[in-house]
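What follows is one structure encoded as structure tokens, with my remarks underneath.
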Amino acid sequence: MLRELHQELGIRSDYGQATGQPLFDEAEELVDVGPNLVGRMQRLTPVTAGRWGAMVRAAASENIVLLVVSGFRSVDYQAALIRNKISAGQMIADILKVNAAPGFSEHHTGRAVDIATPGSRPLTEDFETTAAFGWLQRRGADFGFTMSYPRDNVWGISYEPWHWCCKN
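Note that my numbering has the sequence shown beginning at 133, numbered continuously upward.
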């Protein structure tokens with residue numbers, strides 16, 4: 133299935149080998165963690181949801197607001213994101229610098245969260261200048277979360293200070 137999907141999207145057949153990115157299975161058990169910025173319900177694994185909730189509460193106790201932008205994404209949803217970008221005229225090589233190929237996204241696991249905070253445009257490097265980002269750097273690991281795509285990461289994904297994954 134992935135081979136055909138990748139072929140349809142113009143993703144090279146050796147994508148995983150070339151990037152070194154691991155293949156991720158889709159999470160089987162998910163729970164709602166609340167709506168994102170546009171009102172779409174987001175879901176995470178039960179363990180990650182518990183840790184996310186605890187982290188949000190701890191941050192709030194220090195006047196830091198953490199908002200979920202994106203949680204679980206199915207392989208089909210990831211493919212739809214890429215199709216939309218292709219339809220908008222973007223080149224697949226450029227897309228794959230900011231979106232992992234279907235099957236290779238941490239979002240499939242239900243353990244990855246794209247995070248925003250008020251006053252900062254979501255999904256931009258500006259997030260690194262926020263108090264929320266500073267708090268995540270200091271305290272995220274206390275809740276099992278680490279930033280997946282630092283600058284110059286080994287997978288060649290663009291720097292994403294907003295993308296954090298729970299390593300449960």
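Just so you know, even glycine gets a beta-carbon here, dropped at the ideal spot from N, CA and C.
Item, Value
"Using DSSP's beta-bridge definition, name the partner residues of Ile247.", "Val200"
"Roughly how far, in whole angstroms, is the beta-carbon of Ile180 from the beta-carbon of Arg243, given that I think they are within contact range, below 8 Å?", "Here the sequence assigns Thr to residue 180, which means Ile is not the residue at that position. Rounded, the Cβ-Cβ distance is 5 Å, consistent with contact."
"Looking only at its own chain, which residues have a Cβ that is under 7 Å from the Cβ of Asp164, when we skip the five neighbours before and after it?", "Met173, Arg175"
"Locate the beta strand (DSSP E) running through Gln174, then write down its first and last residues.", "173-176"
"Does any C-beta atom of chain C lie closer than 8 Å to the C-beta of Ala232?", "Among the chains in the structure shown there is no chain C, since it carries only a single protein chain."
"Quick check: the stretch 209-226 against the stretch 187-197, are there 3 or more CB pairs under 8 Å?", "no"
"Count the other CB atoms, across all protein chains shown, that sit within 10 Å of the CB of Pro234; report buried if there are 16 or more and exposed otherwise.", "buried"
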